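Here is the structure we will look at, set down as structure tokens.
Protein chains: 2
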Amino acid sequence: PDPAAISDARLRQAQLTKPPGALGVLEDASLALCGIQGTCPPRPLVRPVVAVFAGDHGVHAQGVSPWPQEVTAAMVANFRAGGAAVNVLARQVGADVLVVDMGVAADLDPGTDLLDRKIGRGTADLATGPAMTRAEAERGLAAGIEVAHLLVDRGHDVLLTGDMGIGNTTPSAALVAAFTGADAAAVTGRGTGVDDATHERKVDVVRRALRARPVGDDPVETLASLGGFEHAGLAGLVLGGAARGVPVILDGVIAGAAALVAQALAPDAVGYCFAGHRSVEPGHTVALERLGLRPLVDLDLRLGEGTGAVLALPIVQAAGATLREMATFDSAGVARKDGRR
Amino acid sequence: PDPAAISDARLRQAQLTKPPGALGVLEDASLALCGIQGTCPPRPLVRPVVAVFAGDHGVHAQGVSPWPQEVTAAMVANFRAGGAAVNVLARQVGADVLVVDMGVAADLDPGTDLLDRKIGRGTADLATGPAMTRAEAERGLAAGIEVAHLLVDRGHDVLLTGDMGIGNTTPSAALVAAFTGADAAAVTGRGTGVDDATHERKVDVVRRALRARPVGDDPVETLASLGGFEHAGLAGLVLGGAARGVPVILDGVIAGAAALVAQALAPDAVGYCFAGHRSVEPGHTVALERLGLRPLVDLDLRLGEGTGAVLALPIVQAAGATLREMATFDSAGVARKDGRR
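As given, the protein sequences belong to chains A and B, one line each in that order.
The numbering used here puts the first residue of the first sequence at 1, with every later residue one more than the last.
The numbering used here puts the first residue of the second sequence at 1001, with every later residue one more than the last.
If you want it as structure tokens, here you go:
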């Protein structure tokens, strides 16, 4: 982010017709947006897109989810037909939805509404060995970076992360634990709604994977060992968005885990991210703390797909609009606090 | 609210292509919207309006605010010129902004963008006697009810509360304390940004007023003793919105205090309200607990004007849209949890 633009934004915020600080987090977001775009006031965000990175997970074989793996492909079809929650919310705010097939365990119909970046038909089972080879993880990161460039080249000025993959809260928990040092039990949640026995199994899978393959300080190796194809793609999207100076609005725990990968590779990249929301998943709060991001929406969502990011978009847009459009004390002839003119 | 519509909404939520409960507070909001409108799925909210109730306060003479009283009228002019924060945010979501002069201590230019419901040039000083006569409080309530009907008659299908009045966090704190039994210190905040000495003065003013004029169980008398003209108007707006089956999105502590008046007069009216946001003002959290409302936005705002209500509007709209537009498991051919079809 551009420190000069942030400095300009801070000065401008102080002149707007309101008590200093009265817009709270909106003021912070307006500064961040200026830093990301390198200009103050910030440009309006008028071409939002939700990139839904989809993939399947070998760890599904461990019984970590009550949902059949085929639901990943069925939900991709639902996204493409416009019937899923993320489609409905995206229509409300004028955002496009695009699916990126990173590794769904099914053959998907080609189409302009789908980017085929399939690396495999689901990852390997992280409970029994690395989920990906290092080469696969690198391919996933590169695909995400490339998708970011493609979307920005198409004119999109804000990138929202989405994700779909039955079982993907388990690799997310493993990534969060690996990158933060948190205990498996502290970061493993109930995903789309698992019972106590399944939850215990998830925690055990994460703990054993971390023990069996201790991660060093190599983020790509960590991603390969524990992550999913969609995590690799999402981490790349963050890096690509940052490289292009375009804001990235993160969704929930899957995006948060992926952003930890991006942060480990390029700490500055997080400065281009907004945390769309705080998921119910406990690992998401741990990830957000490490990322240093405050969520804009906090409504007990745990759906994924990008729903939390889409709900946050109007807030980011509103933050930018205050800097562009609000009157100043001088222009409006309003007296300041303590009667100063 | 209509229990049959809520019941229909609950059944419909269970059929949507997502794990049960995965949309968190959005699901609760979608049910509430159906109950308010008496139909499922709910109608889209396409004609939002922010009604900014403005008034001045005799208690300003006690030095409870660092801002000159003339700022109330200057900010009303700013609203009418479109330069204030609430205007900017309202434009982002397509909401109209209308000022209701309940009692600004200045002569305001007439115009179609202003509803003149002026009861007086500011209330009396609540530190030295009742802020309003009972008749004034009743006139304020009636004006708010009438404004609600007027706005609904004009085609508005969702009412957002706004407020403007230098010094109005002091009467708000007094009302919250009176209606909840909370201590003055627990509900009195720093408003638009007061220093320690001013804050102590505010707490003292609230405490002395509550002691000098103990309130019984007469909500109108309580409103008259401690409130402001805009509180009376806002309480009336809530009652009128409820009577017309139109959702009311509350802004911050001023609206929260007013909603306590409405709740005391007609407990069912709160069922027509959404809490737009949680203000930094401590009295707002106390009010929300008593109202039983969970705020949709929680971003450390403390500006008022309706800004928190406007930020929440897209969330309420999104909640309704999920029930209207999402595919069901059957229609999308997606398998359910545990593989059920």
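Heads up, the beta-carbon is just placed ideally off N, CA and C, and yes, glycines get one too.
For clarity, every value in this text was computed on a predicted model and none was experimentally measured.
Between the C-alpha atoms of T222 of chain A and A1264 of chain B there is a straight-line separation of about 58 angstroms. Only residues of its own chain outside the window of five on either side were considered, and among them I1166 and G1167 have a CB closer than 6 angstroms to the CB of S1065 of chain B, listed in chain order. Closest in alpha carbon position to A1262 of chain B, among B:R1290, B:M1164 and B:G1058, is B:R1290. Interface residue (Cβ-Cβ distance to chain A less than 8 angstroms): V1176 of chain B is not classified as such.
Along the region 291-314 of chain A, going in chain order, the ones with a CB nearer than 9 angstroms to a CB of chain B are R294, L296, V297, D298, L299, D300, L301, R302, L303, G304, E305, T307, V310, L311, L313 and P314. For T17 of chain A, the chain B residues whose Cβ falls inside 9 angstroms of its Cβ are A1074, M1075, N1078, G1083, A1084 and A1085, in order along the chain.
By DSSP's assignment, M1164 of chain B forms a beta bridge with B:A1054. The beta carbon of T285 of chain A sits closer than 7 angstroms to those of R278, all from its chain and outside the five residues before and after it, given in chain order. Bridge pairing for H1277 of chain B: B:V1297 [DSSP]. By the rule that beta-carbons nearer than 8 angstroms mark a contact, P20 of chain A touches chain B. Put simply, the backbone Cα of A1185 of chain B is about 38 angstroms away from that of G1021 of chain B.
A1318 of chain B belongs to the set of residues whose beta carbon lies under 8 angstroms from a beta carbon in chain A.
Comparing alpha carbon positions, the residue from A:D2, A:Q15 and A:A4 closest to T322 of chain A is A:Q15. In this structure, A327 of chain A lies away from G1306 of chain B, with their beta-carbon atoms at least 8 angstroms apart. G1236 of chain B: member of the alpha helix (DSSP H) spanning F1229 to R1244, first to last residue. Setting aside the 5 residues that flank it on each side, A1124 of chain B is surrounded in the same chain by G1058, P1130, A1131 and M1132, each with a C-beta closer than 8 angstroms to its C-beta; the list follows chain order. Nearest to G1320 of chain B by alpha-carbon distance, out of B:L1023, B:G1140, B:G1292 and B:G1233, is B:L1023. DSSP, read as helix, strand or coil, puts V1025 of chain B in helix. At the C-beta level, A74 of chain A and A1137 of chain B stay beyond 8 angstroms of one another. One Cα belongs to A4 of chain A, the other to L311 of chain A, and the distance between them is close to 29 angstroms.
Scanning the region 162-210 of chain A for uninterrupted alpha helix (DSSP H) segments of 4 residues or longer gives 169-180 and 184-187, listed from N- to C-terminal end. Residues of chain A whose Cβ lies closer than 7 angstroms to the Cβ of E1325 of chain B are, in chain order, V88. Contact between L1159 of chain B and A1051 of chain B holds: their C-beta atoms lie close to 6 angstroms from each other, under 8 angstroms. Residues of the same chain with a CB within less than 6 angstroms of the CB of V1071 of chain B, apart from the 5 flanking positions on each side, are I1166 in chain order. For the set B:I1254, B:G1191, B:H1156 and B:G1120, the Cα lying nearest the Cα of V1097 of chain B is the one of B:H1156. In the same chain as P1171 of chain B, and ignoring 5 residues on each side of it, the C-beta atoms closer than 8 angstroms to its own belong to H1057, V1059, T1123, L1126, A1131, L1226, G1227, G1228, H1231 and A1257, in chain order.
For D1109 of chain B, the secondary structure class from DSSP, reduced to helix, strand or coil, is coil. Neighbours of A1131 of chain B across chain A, judged by C-beta separation under 7 angstroms, do not exist; the nearest C-beta is about 23 angstroms away.
Interface flag for E1070 of chain B against chain A is set, since a Cβ pair is found closer than 8 angstroms.
Here DSSP, grouped into helix, strand and coil, assigns T1039 of chain B to coil. Within a 10 Å sphere around the beta-carbon of G1292 of chain B sit fewer than 16 other beta-carbons, which makes this residue exposed. Looking only at B:I1249, B:T1198, B:V1176 and B:M1164, the smallest Cα-Cα distance to V1215 of chain B is reached by B:V1176.
Identification of residues in the region 1184-1217 of chain B having a C-beta nearer than 7 angstroms to some C-beta of chain A yields T1192 and G1193, given in sequence order. R1043 of chain B and G1333 of chain B have their C-alpha atoms spaced approximately 26 angstroms apart. As a beta-bridge residue in DSSP terms, V1100 of chain B pairs with B:F1053 and B:L1115. The residue among A:G162, A:R190 and A:Q317 with its C-alpha nearest the C-alpha of L250 of chain A is A:G162.
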